[in-house]
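Student: Under my numbering, the very last position in the sequence shown is 74; numbers go up by exactly one each time.
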Amino acid sequence: MRTWFRSQAAHGQPAVAPGVGVFGFVPLPGRVMAAILGSVGLYLLATEIAKRRFYRHPVSRSMKAAVSSR
């Protein structure tokens with residue numbers, strides 16, 4: 005199986021499992037793949053920004069008191 009994937013990669017073909025013809029899969033057009041990768045990239049960027057903003061703000065004293073009194 006590894007040899008098959010390596011031979012596909014060496015010929016510039018996408019690495020797909022043998023037998024995909026049974027299901028009728030076709031490669032995605034370049035624009036669709038670019039849109040998917042762009043969306044994933046923007047999602048990762050947005051989550052990193054949100055995470056940094058969330059952890060940058062210290063917890064207020066009143067919040068600490070409320071948590072420690074439990």
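Just so it is clear, CB atoms sit at the ideal spot from N, CA and C, and this is done for glycine as well.
Since Leu48 is in the alpha helix (DSSP H), which residue starts that stretch and which ends it?
Tutor: Unbroken alpha helix (DSSP H) run through Leu48: 34-60.
Student: If you draw a straight line from the C-alpha of Leu46 to the C-alpha of Pro62, how long is it?
Tutor: When rounded, the distance between both Cα atoms is 27 Å.
Student: DSSP three-state call for Val26: helix, strand or coil?
Tutor: In the structure shown, Val26 sits in a helix (DSSP, three-state: H, G or I).
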